[in-house]
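Take a look at the structure set out below.
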Amino acid sequence: MGDRNVRINVPLLARVEGEGALDVRVKEGRIDELKLVIFEPPRLFEKFLEGRPYREVPDAVSRICGLCPVAYQMSASHAIEDAFGTEPGPWVREMRRLFYCGEWLQSHAVHMHLLAVPDFLGFNSVIEMAAHYPEEVRRGLEIQEIGNAIIRLFGQRSVHPVGTRVGGFYHAPQKAQVEALLERLHRALPLAEALVAWTATLEVPDDPQEFVAVSLRHPDEYPMNEGRLVSSEGLDIDIADYQGHFEEFQVPHSSALHALLEGKPYLVGPLARLNLNLDRLPQPVRDTLARTGVRFPSSNMFHSALARAVEVHYAIVEAIRICEAYQLPETPYAEVRPRAGIGYGCTEAPRGILWHAFAMDDDGRVVKVTIIPPTSQNQARMEQDLRWSLERLGLEKPDEELRLRGEMVIRNYDPCISCSCHFLKLNVERL
Amino acid sequence: MGEYAWLPRDGLGALLDALKGRGYDCIGPRIRDGAILFEPLETISQLPWGASDRQGPGFYRLADGNERRAFHFANGPQALKPLLFAPREALWRVVRNEGGRLAFEPIVPQAPPRAVLGVRACDLAALAIHDAHFMKGAHGAQPDLQYAARREGLFLVAVNCAHPSATCFCASTGDGPEVRGGFDLLLDEMEEGFLVRPGSGAGGEVLAALGLGPASEEAVRAARRQLEHVARCQTRGLPGRNLQDALFQKLEHPHWEEVAKRCLSCGNCANVCPTCFCHTHEEAPELDGASSRHYRAWDTCFSPDHSYLHGFMVRADTPKRYRQWLTHKLGSWHEQFGRSGCVGCGRCITWCPAGIDITEAAGAILEGGQ
Amino acid sequence: MIPVQYPHEAEIVERIQESPSVFTLRLRFTDPQVHNAYSFMPGQFNMLYLHGVGEVPISIVSDPQDGCMYDHTIRAVGRVTRAMAALRQGDRIGVRGPFGRGWPVEATAGRDVLIATGGLGCAPVVSIINYLLARRQSFGKLTILQGVKHSDDLIWREQYERWAQLPETEVHLAADVGGPAWPFHVGQVTALLDRADLRPDHTIAMMCGPEGMMRAVTHELIERRLPEERLWVSLERNMQCGQGNCGHCQMGGHFVCSDGPVFSYPEIKSLFGVAGF
Amino acid sequence: MSKGKPRVAVHKFTSCDGCQLAFLNLGPQLLELAQLVDIVHFAEAGMVAPDAEVDIAFVEGSISTPHEAERIRAIRAASKQVITIGACATAGGIQALRNLHNASEWMADVYARPDHLETLATSTPVSEHIRVDLELWGCPTNGRQVIGAVRSLLFGAAPVDERDKICVECKRKQNVCVLVAKGEPCMGPVTRTGCGALCPAVERDCFACYGPSDNPNTGALAHRFRELGLSERAVADRFLFINNWAQAYRVEGLKWREQENG
Ligand SMILES: Cc1cc2nc3c(=O)[nH]c(=O)nc-3n(C[C@H](O)[C@H](O)[C@H](O)COP(=O)(O)OP(=O)(O)OC[C@H]3O[C@@H](n4cnc5c(N)ncnc54)[C@H](O)[C@@H]3O)c2cc1C
Ligand code: SF4
Ligand code: SF4
Ligand code: SF4
């Protein structure tokens, strides 16, 4: 390369939610500096939530992200209930799982079909892909729609659903509605199985790497709303202790905060969840996965796509289980009695753990909030992965190829850049 | 008094079965979301046994009633209106073929015969108005295809009111509380059972099939006392039956501005009113543009588009909109239908989120003589 | 009777651009049965439907005797009418109608007829003018007064000029704002009344246009001792159904679409000009 | 509109991405839409041409950075029709709450090094920066609205401006009024239709995510809320929420906030 100074400027990275830039400086055949520049115009949610009544919080935090509003509503509700000492009871607990299944289905389906899979198949968009893979696209859209339907069952609409309140839900669905949904879920089950099998056939770079995985872990369920925080390196803590082990900090090149676990980058999201909770999958889901021949835990980051497919399958199986046992409750929520205190909530958003801490006052107003979204937690890991992947690809490769691989690596994390970011420009500087 | 048959309380199920047996889809009052609404009725246990209500301006709460009664409540937010004049429905459909030709086709609902249990006197009075408007073309219209399809084969089981709400004033309009006509069967609910009377051939047949004995004279007397008591309980009233001339002389009264300070112009009064018939049209084309449906939807004189003319709104502000509602309902309605548009059901009082009371407003405007 | 609860297909036989924003559609029903059954009187209107967009009430301007085609002259002002402006000859639209009560043609017998219009108000009266001219012997003098905002707004100038040539026919034009090629009066229509030679006890007046203009003319005519029941106005209100069902067009107790749109002055006098009705 | 298929762009500004989902959640209709129009820019769906000239530009998000203020002007210049989608683009969004506070202080509280961030003191609607042809309200705007707008424009007609009150839709759906039957402080009487009266359908109060309706009597509703037992501060909160920067709500909300502060 000598001292040739190359600058590649990709104006906008497609198929991620938001805008950011990637700066890579290559010196003597090695990556000298790599920065995933995320420019998220700050929206200051943590600040304007201060002083607001608890009733409004689920509706407010939902607006942080249009792709995973349920996750925000769930983490915040749990945190506030924790602060107030509210016990929502078994019905609410089950229905929250069902509600969350809806979000996993819709979010994973959008990511797989609209954002990531076109990468593996070499298309720029789902619209191009649909011309060649009409069946697969239709299947993806159907799964997405069933996820939306579950969210609508409780929340009337799939983006910023309106049914959640601290303590539970405003309204319980009628039995007939749940039965109608159940029928659709049964029809979707073979689609999900087919999706797992198909995803396993997609050709992905075979490039194992070492990383730390972090997720929730529950004594007997695949994790969603509850559990302890565990890592592939033996961490096992209460969610309230998050800040004792994880450090959040600002880097000059990004408006999304970065986070490290005991000084190291770590991975959250479907691959981390699956790697750490394989034994919590119900048998049929494990069987379908086994038939693909792909082994988990996996250290191939590109197996994230398959992990998502497995979670799609799981979400449908779980939703069927809950719907089959559905009973109208006496009341769909627990009465809430505000009291001053701090509470924590950590749930598994489609993209990984979403951690909330809420300090409340006696009137039930918010005193202070900390929100740590999955994408900022993954940021350091993404930079680590980019370094690794680009070097393994070969830095002498044409800029275009470097850029494509870089984008593919980033998209593989399903970065929810709305929880954080914007334009992704790739600037490769070769010195 | 052979006029009334006696249906013991536990015989109500037999009536429901008889109706179902004749092919009717049955609808009756049920509790939903904190109010008593007309909903599909599968069993009589779904009726609001033991429930009642408390109502006031802008106020409605379910309350405890009498375990032995299923109809011991005053009317909820709906009358028969939504069952016949649907809140939103397609009127016709058009398909455009490749050559640009248009094929139009009316959409007439496949309406199975329906039986409604628990219809009140005010509901029937309102129904007569809507029949005149939608079916008999009171203002020159051809019969409304959708309304007519649903009206055909409607079987009405009326009930005389036994529990008035504080917002009822049907005695003052002359429309209740006693049901006087327009029903197929009429019930008076007593603790031990029901007095039943047929009001049509179809009603007579159903009644005959139930094979009931006659009601005792004591029961008939008790029912009469119950009805009189309900009428006496009503405290609200309008200043007169025909207020057309009086109201149109008060178009500049300051009270229009006064009400408008509180009125939200939300149209809830008109939407719950069983006689209001205004509707708007909407076009709903398919994305591909080849076909389209033309809908109608409930509308009220409180909406901006109700009086919109290009570049100009006849009623841009709330005083004009509220005045339109009141002068039409209690005034010009006489010119159009030969009676007032108010049947005294009190729904507009209860369901006005601002708690505006039509009897109070009319009183204030006509104060100092009509 | 043709069902009017839903539209019937009509073909645009001809399209005429009258001015930059005004165009005329000449229509024919495509279904011969509908075509044969359809008849109307001057002053009535149709609901015209543009595919996928919506319906608007538009007067019929042609002569009822000219039974094979129906003309509608439309000013493109808003959502539906602007989109309609793109229609071309051969295109199809939907038509429901005819609706409403038209002009009192019988009452013209043996009388002088005064027609006063403003703006595009001329559309609904063109039909009655044509109708009367075809029956010239049955009435007396015809006086046409037409006012427009700006001289450029005048459409059908040749038509007015042709009418002006007819025996016992007077045409007076006025524009609020004149222009270089405007030989006529500049000012209000009401001023034209001075030029017309009216015989109050023999005259029947028909008016159409903005309500302010109609009120002004009405007052002038009453001052000139025209009996109130011989003053007729055509009103406009929002209309969705066209047939006395949707309630939008009410003016007091009247459904303008079916009781009108043409009213005699005593019928509407009490609310004419009252803001809000 | 130019000959051939109209060209469409979907742009993102400061937002949560939720309104773009109105497109991405269309299902098979998204593919159908792609047949009818040429989607030239829609980064989230993979089409990238931010500077392309288009017939219709949909804009999501509020203007909250100097760069965004520039970018929106460029979009105006390159687009025949600019249609805002959602509360952020149409009214500044929930993040406009910063406009009522000292934003830089807030920034310092959230970020240790606020000097690394480039941002404006306010989050403002697109219409405060450029001329907007149509505003689709809602947080989020839904598929029916965007499809309705596109379809109307394809027919050569202006889209319908929906400005009735939520109550109108609420009654059409035969929901039980939560204000009357539960005493909930429902914002339906001053909020614009479009959502389908979703909140009352789940027995809760509308919180005005569709913004002010035609002729909103905010003062009367605020007084009604006081009668229902809300404090002055709670009344202010009702108005100063998702669409806090929309004129009718801002004025009413600030009035109550001032009263609360004496
Ligand atoms: C009986 C009658 C006869 C008419 N005859 C003619 C005619 O011959 N030529 C002509 O150009 N215009 C005529 N009009 C006016 C014409 O109907 C309106 O200009 C037209 O409805 C405007 O529709 P728009 O969608 O283009 O306008 P917008 O301003 O976008 O209006 C939206 C909607 O409001 C309603 N609306 C708006 N203005 C009126 C109005 N003035 N009258 C009734 N509804 C309205 C319609 O439903 C319309 O679709 C007549 C109106 C009436 C009532
Ligand atoms: S009177 Fe009441 S219900 Fe009627 S529009 Fe006014 S506020 Fe709404
Ligand atoms: S629930 Fe709200 S939106 Fe519905 S009618 Fe009542 S006040 Fe209006
Ligand atoms: S009812 Fe109100 S808050 Fe709820 S979705 Fe609709 S506009 Fe938004």
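Protein chains in written order, with this note's numbering: chain A, -14 to 416; chain B, 293 to 662; chain C, 366 to 642; chain D, 13 to 274.
The beta-carbon is built from N, C-alpha and C at its ideal position, and this holds for glycine as well.
Subject >> Within 8 angstroms, strictly: CB atoms of Ala499 of chain C and Ile569 of chain C >> reply: Your numbering for residue 499 of chain C matches position 134 in the third sequence. Your numbering for residue 569 of chain C matches position 204 in the third sequence. Taking a C-beta distance under 8 angstroms as the contact criterion, Ala499 of chain C and Ile569 of chain C do not qualify as a contact pair.
**OP:** Give the secondary structure of Pro224 of chain D by DSSP, where H, G and I count as helix, E and B as strand, and everything else as coil.
**Re:** Taking the fourth sequence and counting its residues from 1, one reaches residue 224 of chain D at position 212. Correct three-state label for Pro224 of chain D: strand.
**OP:** Express the C-alpha separation of Trp373 of chain A and Lys382 of chain A in angstroms, rounding to a whole number.
**Re:** The sequence position of residue 382 of chain A within the first sequence is 397, counting from 1. The sequence position of residue 373 of chain A within the first sequence is 388, counting from 1. Rounded to whole angstroms, Lys382 of chain A to Trp373 of chain A spans 15 angstroms at the Cα level.
Original post:
Terminal residues of the continuous beta strand (DSSP E) containing Trp597 of chain C?
Top reply: Translated into the one-based positions of the third sequence, residue 597 of chain C becomes position 232. 596 to 599 is the extent of the beta strand (DSSP E) around Trp597 of chain C.
Original post:
Going along the region 157 to 173 of chain D in order, which residues come within less than 8 angstroms of chain C, judged by CB to CB distance?
Top reply: Those would be Arg163, Ser164, Phe167, Gly168, Ala169, Ala170, Val172, in chain order.
Original post:
At what residues does the alpha helix (DSSP H) containing Asp476 of chain B begin and finish?
Top reply: Here residue 476 of chain B refers to the residue found at position 184 when the second sequence is read from its first residue. For Asp476 of chain B, there is no enclosing alpha helix (DSSP H), as DSSP gives it neither H nor E.
Original post:
Tell me which same chain residues have a C-beta within less than 7 angstroms of the C-beta of Cys404 of chain A, skipping the five on either side of it?
Top reply: What you label residue 404 of chain A is simply residue 419 of the first sequence in a count that begins at 1. A caution first: Cys404 of chain A carries a pLDDT of 42, below 50, which makes its placement in the model too unreliable to give a value.
Subject >> Range covered by the alpha helix (DSSP H) that runs through Asp324 of chain C >> reply: Outside the displayed span of chain C (366 to 642) sits residue 324 of chain C, for which this structure offers no information.
**OP:** Label Lys24 of chain D either buried or exposed according to how many other C-beta atoms from any shown protein chain fall within 10 Å of its C-beta, with 16 as the threshold for buried.
**Re:** Taking the fourth sequence and counting its residues from 1, one reaches residue 24 of chain D at position 12. By the neighbour-count rule (16 or more Cβ atoms within 10 Å), Lys24 of chain D is buried.
**OP:** Would you tell me roughly how many angstroms separate the C-alpha atoms of Asn397 of chain A and Gly342 of chain B, rounded to the nearest one?
**Re:** To locate residue 397 of chain A, count along the first sequence from 1; it is residue 412. To locate residue 342 of chain B, count along the second sequence from 1; it is residue 50. Distance between the alpha carbons of Asn397 of chain A and Gly342 of chain B is about 60 angstroms.
**OP:** Under 7 angstroms between beta-carbons, which chain C residues line up against Gly432 of chain B? List them in chain order, please.
**Re:** Indexing the second sequence from 1 puts residue 432 of chain B at position 140. Those within 7 angstroms of Gly432 of chain B in chain C are Gln608, Gly609, Ser623.
**OP:** Go through its chain and collect everything with a Cβ distance to Gly612 of chain C's Cβ below 6 angstroms, but skip five positions before and after it.
**Re:** For the purposes of this step, residue 612 of chain C is taken as the residue at position 247 of the third sequence. Closer than 6 angstroms at Cβ, skipping near neighbours: no residue.
Subject >> Exercise answer, beta-carbon shell around ligand 4 heavy atoms below 6 angstroms >> reply: Answer in sequence order: A:Val147, D:Ile178, D:Thr203, D:Cys207, D:Ala209, D:Leu210, D:Cys211, D:Cys218, D:Phe219, D:Ala220, D:Cys221, D:Tyr222.
Subject >> Residue from A:Ala177, A:Asp44, A:Glu121, A:Leu291 whose Cα sits closest to the Cα of Arg142 of chain A >> reply: Taking the first residue of the first sequence as position 1, residue 142 of chain A is located at position 157. Restricting attention to A:Ala177, A:Asp44, A:Glu121, A:Leu291, the CA atom closest to the CA of Arg142 of chain A is found in A:Asp44.
Original post:
Using a Cβ-Cβ distance under 8 angstroms, would Val442 of chain C count as near chain D?
Top reply: Translated into the one-based positions of the third sequence, residue 442 of chain C becomes position 77. Chain D, which has no Cβ nearer than 8 angstroms to the Cβ of Val442 of chain C, makes this no.
Original post:
Would you say the beta carbon of Arg393 of chain C comes nearer than 7 angstroms to a heavy atom of ligand 1?
Top reply: Within the third sequence, the letter at position 28 stands for residue 393 of chain C. Not so, every heavy atom of ligand 1 lies at least 7 angstroms from the Cβ.
**OP:** Return the chain-ordered list of same chain residues with a C-beta closer than 6 angstroms to the C-beta of Val621 of chain C, the five sequence neighbours on each side being excluded.
**Re:** Mapped onto the third sequence, residue 621 of chain C falls at position 256. Closer than 6 angstroms at the Cβ level, and outside the excluded window around Val621 of chain C, lie Leu600, Arg602, Cys614.
**OP:** Give a single yes or no on whether Ser503 of chain C has its beta carbon closer than 7 angstroms to a heavy atom of ligand 1.
**Re:** Along the third sequence, one-based indexing puts residue 503 of chain C at 138. Taking 7 angstroms as the cut-off, the C-beta of Ser503 of chain C does not count as close to any heavy atom of ligand 1.
Original post:
Is Pro435 of chain B near ligand 3, in the sense that its beta carbon is under 7 angstroms from a heavy atom of that ligand?
Top reply: Your numbering for residue 435 of chain B matches position 143 in the second sequence. Not one heavy atom of ligand 3 falls within 7 angstroms of the beta-carbon of Pro435 of chain B.
Original post:
Quick one: what does DSSP say Tyr318 of chain A is sitting in, helix, strand or coil?
Top reply: Taking the first residue of the first sequence as 1, we reach residue 318 of chain A at position 333. In this structure, Tyr318 of chain A counts as strand in the three-state DSSP scheme.
Subject >> Backbone CA spacing between Gln157 of chain D and Gly206 of chain D [nearest angstrom] >> reply: Taking the fourth sequence and counting its residues from 1, the one referred to as residue 157 of chain D is at position 145. Taking the fourth sequence and counting its residues from 1, the one referred to as residue 206 of chain D is at position 194. The C-alpha of Gln157 of chain D lies about 7 angstroms from the C-alpha of Gly206 of chain D.
Original post:
Buried or exposed: which applies to Ile381 of chain C, given that a residue is buried once 16 or more other Cβ atoms fall within 10 Å of its Cβ?
Top reply: Along the third sequence, one-based indexing puts residue 381 of chain C at 16. Ile381 of chain C comes out exposed.
**OP:** Have a look at A:Trp76, A:Gly148, A:Pro269, A:His341 and flag the residue whose alpha-carbon is nearest the alpha-carbon of Pro175 of chain A.
**Re:** Start at 1 with the first residue of the first sequence, and residue 175 of chain A comes out as number 190. Restricting attention to A:Trp76, A:Gly148, A:Pro269, A:His341, the CA atom closest to the CA of Pro175 of chain A is found in A:Pro269.
**OP:** Would you mind giving the Cβ-Cβ distance between Leu291 of chain A and Val279 of chain A, rounded to the nearest angstrom? I have them listed as a contact below 8 angstroms.
**Re:** Here residue 291 of chain A refers to the residue found at position 306 when the first sequence is read from its first residue. Here residue 279 of chain A refers to the residue found at position 294 when the first sequence is read from its first residue. Contact between Leu291 of chain A and Val279 of chain A holds, with the beta-carbon distance rounding to 6 angstroms and staying under 8 angstroms.
Original post:
Taking any Cβ of chain D, which residues in the region 302 to 335 of chain B have a Cβ under 8 angstroms from it, in chain order?
Top reply: Per Cβ criterion, the list reads Arg324, Asp325, Gly326, Ala327, Leu329.
**OP:** Write down the C-beta distance between Pro212 of chain D and Leu132 of chain D rounded to the nearest angstrom, noting that I regard them as a contact closer than 8 angstroms.
**Re:** Numbered from 1 along the fourth sequence, position 200 holds the residue referred to as residue 212 of chain D. Numbered from 1 along the fourth sequence, position 120 holds the residue referred to as residue 132 of chain D. With a Cβ gap of about 36 angstroms, Pro212 of chain D and Leu132 of chain D do not count as contacting.
**OP:** Quick one: which residues of the region 587 to 602 of chain B get their C-beta closer than 7 angstroms to a C-beta of chain D? List them in chain order.
**Re:** In summary, the residues of the region 587 to 602 of chain B whose CB is separated from some CB of chain D by less than 7 angstroms are Ala589, Trp590, Ser595, Pro596, in the order they occur in the chain.
Original post:
Residues of chain D with CB under 9 angstroms from Ala448 of chain C, in chain order?
Top reply: Numbered from its first residue, the third sequence carries residue 448 of chain C at position 83. Under the 9 angstroms cutoff, chain D gives Ser164, Phe167, Gly168, Ala169, Ala170.
Subject >> Alpha-carbon spacing of Val1 of chain A relative to Ala64 of chain D, whole angstroms >> reply: The residue you call residue 1 of chain A lines up with position 16 of the first sequence. The residue you call residue 64 of chain D lines up with position 52 of the fourth sequence. Reliability of the predicted coordinates at Val1 of chain A is poor, the pLDDT of 47 falling under 50, and the value obtained from them is presented with this limitation in mind. Answer to the nearest angstrom: the Cα atoms are 20 angstroms apart.
Original post:
Using the C-alpha atoms, what's the distance from Gly39 of chain D back to Gly132 of chain A?
Top reply: Indexing the first sequence from 1 puts residue 132 of chain A at position 147. Indexing the fourth sequence from 1 puts residue 39 of chain D at position 27. Between the alpha carbons of Gly132 of chain A and Gly39 of chain D lies a distance of about 12 angstroms.
Original post:
Quick one: which chain C residues come within Cβ less than 9 angstroms of Pro379 of chain B?
Top reply: Position 87 of the second sequence, counted from the first residue, corresponds to residue 379 of chain B. Neighbours of Pro379 of chain B on chain C: none; closest Cβ ~14 angstroms, over 9 angstroms.
Original post:
What beta strand (DSSP E) runs, 3 residues minimum, are completely inside the region 1 to 46 of chain A?
Top reply: Within the region 1 to 46 of chain A, the complete beta strand (DSSP E) segments of 3 residues or longer fall at 5 to 12, 15 to 23, listed in chain order.
**OP:** Following the continuous alpha helix (DSSP H) through Glu79 of chain A, name the residue where it begins and the one where it ends.
**Re:** On the first sequence, residue 79 of chain A is found 94 positions in, with the first residue counted as 1. Per DSSP, the continuous alpha helix (DSSP H) segment holding Glu79 of chain A begins and ends at 74 to 94.
Original post:
What distance in whole Å lies between the Cβ atoms of Thr482 of chain C and Ala561 of chain C, which are believed to be in contact at a cut-off of 8 angstroms?
Top reply: For the purposes of this step, residue 561 of chain C is taken as the residue at position 196 of the third sequence. For the purposes of this step, residue 482 of chain C is taken as the residue at position 117 of the third sequence. 14 angstroms between Cβ atoms; not a contact.
Original post:
Mind pulling the chain D residues with CB within less than 9 angstroms of Gly417 of chain C?
Top reply: Working through the third sequence from its first residue, we reach residue 417 of chain C at position 52. Listed along chain D, the residues sitting closer than 9 angstroms to Gly417 of chain C by beta-carbon distance are Arg163, Ser164, Leu166, Phe167, Ala169.
**OP:** List the residues of chain B whose Cβ lies closer than 7 angstroms to the Cβ of Phe620 of chain C, in chain order.
**Re:** Here residue 620 of chain C refers to the residue found at position 255 when the third sequence is read from its first residue. Under the 7 angstroms cutoff, chain B gives His431.
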